[in-house]
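Below: the structure, in structure tokens.
Residue numbers (the numbering used here): 577 to 1003.
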């Protein structure tokens, strides 16, 4: 059963503008954004989440954290609580609000099925996060978890509670996202939430690297300890939990940028037995058709360096796709764009196997379709592939089957911010 507990958050002191000090998780921060975050505030959490410079940047982050605590920039709450964050944002002209409940969740190996992954992870990010965790001994960035709340029971409890408790903070970040934060420390509320969540499965939506790093760190600390009770802080990790039925739960596509020596004519020849290939005049039209056709059958978009054309690839036959799947792959893969891209395009047509993808050698990712096309047109990549976003139920079904989707198959928007709530692992 999932063990979800309140915690004593380390938070920025009153008077510090929260919109200027939070930052995204490490894996979506570009070099340019890292520089901008450094300029935004001397206390921006990027100095903890993704420190820069030469030398031991992990120890630099640890020194910064200790300094901020000593100066009173960060203060720890006196008693444990759950925290509720509401994020308001606009996507495709529509207004959304999404709620995440923050607590510390008991670490469980994947094998127990209590916490379930849906994506494979890459090696270098895990090593980076482990080095940071060893140094700072705190969860700076929360893991994004999903749970099923089909009857809206937990959502109703959160709604009733926040209607009678004033928020801790309201603020906006420079990108225009709106935030409302509540601290929920009533013992009755804590007990009810723990009881309701105890029987639920938690699905990792975002933060697989951080979760696996937390497991590695816990096991490392266990081996070093003379005594171990299971109550040590390292046995838990900071999570923001969102209901899979939350109306604000939004996924964006993660388009692929690919380097391959295979020329376009040979790639198209290899794709013809599996896909109907249609020329499209513009990127907006390609994305429109991608979404429209993708409701009925797996559909991909493609651009190639040196070619002015754009291509719409519509799967001819689900069974043909299914026959290309690895023997242990779940049937759901035949309906997931990123999985079909790997087994029906990257591997057979462009010679890029899954091991190369895992090592990050041949494929990069962006949620910006215009950026992807520009990078191919400029010759930085050989191909761009445009995909539809996965759906929450697809993700959960793959996880329930004990399988995983290819790396970077999902992009939940907006990200849960780093630095807003820190979970210290030191007494």
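The C-beta atom is built at its ideal place from N, Cα and C for all residues, glycine as well. Quick caveat, the model's predicted, so the values are computed rather than measured.
Residues bridged to residue i by DSSP?
i	result
residue 678	659 and 816
residue 587	651
residue 768	None, per the DSSP bridge assignment.
residue 811	DSSP lists no partner for residue 811.
residue 878	887 and 961
residue 981	695
residue 665	672
residue 758	660
residue 832	941 and 961
residue 580	681
residue 614	Its beta-bridge partners do not exist; DSSP assigns none.
residue 719	815
residue 987	828
residue 908	Partner(s): none; residue 908 has no beta bridge.
residue 746	756
May I have the straight-line CA-CA distance separating residue i from residue j, to the nearest angstrom?
i	j	result
residue 977	residue 777	13 Å
residue 663	residue 752	11 Å
residue 721	residue 742	25 Å
residue 826	residue 988	6 Å
residue 955	residue 884	12 Å
residue 612	residue 669	26 Å
residue 730	residue 990	22 Å
residue 836	residue 997	42 Å
residue 804	residue 893	55 Å
residue 583	residue 708	21 Å
residue 723	residue 819	5 Å
residue 846	residue 879	16 Å
residue 667	residue 821	18 Å
residue 795	residue 863	45 Å
residue 1090	residue 781	Because the chain here runs from 577 to 1003, residue 1090 falls outside it and cannot be looked at.
residue 761	residue 635	33 Å
residue 700	residue 914	21 Å
residue 930	residue 736	47 Å
residue 738	residue 672	18 Å
residue 934	residue 695	11 Å
residue 940	residue 957	9 Å
residue 903	residue 712	42 Å
residue 871	residue 842	29 Å
residue 628	residue 617	15 Å
residue 881	residue 785	32 Å
residue 615	residue 600	15 Å
Indicate the three-state DSSP secondary structure (helix, strand or coil) for residue i in the structure shown.
i	result
residue 741	coil
residue 826	strand
residue 648	coil
residue 778	strand
residue 550	Not covered by the structure: residue 550. The range shown for the chain is 577 to 1003.
residue 683	coil
residue 697	coil
residue 785	helix
residue 619	coil
residue 798	helix
residue 935	coil
residue 852	strand
residue 630	coil
residue 928	coil
residue 1000	strand
residue 954	coil
residue 731	helix
residue 870	helix
residue 994	strand
residue 714	strand
Are residue i and residue j touching if we call contact CB-CB under 8 Å?
i	j	result
residue 679	residue 658	yes
residue 945	residue 816	no
residue 595	residue 749	yes
residue 705	residue 789	yes
residue 624	residue 716	yes
residue 598	residue 621	yes
residue 888	residue 854	yes
residue 832	residue 960	yes
residue 812	residue 681	yes
residue 533	residue 910	This structure does not reach residue 533, given that the chain is present from 577 up to 1003, and the question cannot be answered.
residue 983	residue 697	yes
residue 943	residue 828	yes
residue 985	residue 912	yes
residue 726	residue 980	no
residue 734	residue 660	yes
residue 719	residue 775	no
residue 859	residue 949	yes
residue 908	residue 973	yes
residue 962	residue 824	no
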